[in-house]
Amino acid sequence: MISKNNLECIRDDFSDIDKEYKNIEQEIWGLEENPIVKKYIGLQRKKNELATKKKELYRLMKYGEYEKCDHLWVTATTHFDEGYYICIKCGLNKETLRKVFCQGAESLSFEDKIMYDVLRSYNYKSGYNTHIICDLELASAIYKKIKEQHPDIDDKTVIKYFSIALNDIRNIEVNDERKKSRAKRLGLSKDFNRWN
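Note that my numbering numbers the sequence shown so that position 19 is 18, with each residue one more than the last.
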């Protein structure tokens, strides 16, 4: 229960804040007449409009990339979770379906929402299952390196090169310094250590 004295204090505080608010509001209106401020406000508005359009175009572009890809699926693992498919070509990630099931659609990032829409709306089982089990970060890095060195390579050869590279990484014994050098060459995080 608010006492009479407390109510008076609250009214006084409200009155003081209301006056300050109105003064600031009038000052803002005055500034909005300044040509530089007008230009700033116009640029901010245009920037927001472009950001909205850019976001929508990005969504459509990624949706199209995921949908049109002839997927090369690997069974990806991370240090948190195991056993979900990811396409090493386009990045479509079936873990998104599990996220929705376990945490709800509201937990998805913008990128995950695009993947989820694709995964629910078309036959994402298309493509080729490589039957390769590999850490997600490592799989993406190996594929990226193959494509950098051989931009016009066909999928069958990609799988062959990918398998060879992964076998070499896993079966050729190297010291910690060489592992760090390898991680750097592949563009992996500097503390990466999930080679198997």
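We treat Cβ as the ideally placed atom computed from N, Cα and C, and that holds for glycine. Source: prediction; values computed, not measured.
Q | Residue closest to Asn195, alpha-carbon to alpha-carbon, out of Gly186, Lys189, Leu91 and Asp167 | A | Asp167
Q: Could you pull out every residue in the same chain whose Cβ sits closer than 6 Å to the Cβ of Gly29, ignoring the five residues on either side in sequence?
A: none
**Q.** Residue from Lys143, His130, Gly103 and Lys21 whose Cα sits closest to the Cα of Cys89
**A.** Lys143
**Q.** For Ile113, the first and last residue of its enclosing alpha helix (DSSP H)
**A.** Phe109 to Ser120
Q. How many angstroms separate the CA atom of His199 from the CA atom of Val73?
A. Absent from the structure is residue 199, since the part of the chain shown begins at 0 and ends at 195.
Q. Ordered along the chain, which non-local residues of its own chain (more than five positions away) have a Cβ less than 8 Å from that of Glu136?
A. Thr77, Leu187, Ser188, Phe191 and Arg193
Q: Apply the 10 Å Cβ neighbour rule to Cys101 and answer buried if 16 or more other Cβ atoms are within range, or exposed otherwise.
A: exposed
(Q) Tell me whether the segment 103 to 114 and the segment 150 to 169 touch, counting them as touching only if at least three CB pairs, one residue from each stretch, are closer than 8 Å. (A) no
**Q.** Lys178 to Ile141 span [Cα, whole Å]
**A.** 14 Å
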